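Okay, so here's the structure we're looking at.
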Amino acid sequence: MRLLGLTNWSAETFARGAAAVPTVSELEAVVVSGEIGLVKPDPAIYRHLVAQHDVDPARAVFVDDREENVVAARALGFHGRVFLTAERLRAELVGLGVPGVGVGPT
Numbered sequence: 003m004r005l006l007g008l009t010n011w012s013a014e015t016f017a018r019g020a021a022a023v024p025t026v027s028e029l030e031a032v033v034v035s036g037e038i039g040l041v042k043p044d045p046a047i048y049r050h051l052v053a054q055h056d057v058d059p060a061r062a063v064f065v066d067d068r069e070e071n072v073v074a075a076r077a078l079g080f081h082g083r084v085f086l087t088a089e090r091l092r093a094e095l096v097g098l099g100v101p102g103v104g105v106g107p108t
């Protein structure tokens with residue numbers, strides 16, 4: 003399973019933010035809005051992610067805390083989920099059949 007990031011952070015602040023959140027380093031890659039001049043929910047940023055990282059939206063889950071970003075991802079074929087709580091997201095991912103979810107620490 004691949005884990006990619008898609009953020010609306012500026013290019014100037016992303017490095018500081020990523021350093022403050024160590025789990026960002028566990029992502030395969032992060033598309034940073036400020037580096038490419040596109041922002042969510044513009045469909046172009048999702049298309050950029052798809053093209054640059056060979057993502058098949060039909061086999062990908064997009065999770066965001068903003069409904070409008072999830073709606074935009076769904077319009078392009080992603081399985082979109084709005085993040086509300088870790089428990090709810092875990093249950094939704096299990097329901098989608100995402101491997102390894104529900105295993106390990108909660």
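Residue numbers (my numbering): 3 to 108. A virtual CB, placed ideally from N, CA and C, is assigned to each residue, including glycine. Small disclaimer: the values here were computed from a predicted structure and weren't measured.
Annotated as distal: residue 16 and residue 48, with beta-carbon spacing of 9 angstroms or more. The continuous beta strand (DSSP E) containing residue 9 extends over residues 6 to 9. According to the DSSP assignment, residue 83 belongs to the beta strand (DSSP E) that extends over 81 to 84.
Along the length of the segment 41 to 88, whole alpha helix (DSSP H) runs at least 4 residues long occupy 45 to 55 and 69 to 77, reported in chain order. Between residue 33 and residue 5, the gap from beta carbon to beta carbon reaches 9 angstroms or more. In this structure residue 12 touches residue 36 by the C-beta definition: roughly 4 angstroms separates them, less than 8 angstroms.
Secondary-structure assignment with DSSP links residue 33 through a beta bridge to 8. An exposed status is given to residue 56, since fewer than 16 other beta-carbon atoms sit within 10 Å of its beta-carbon.
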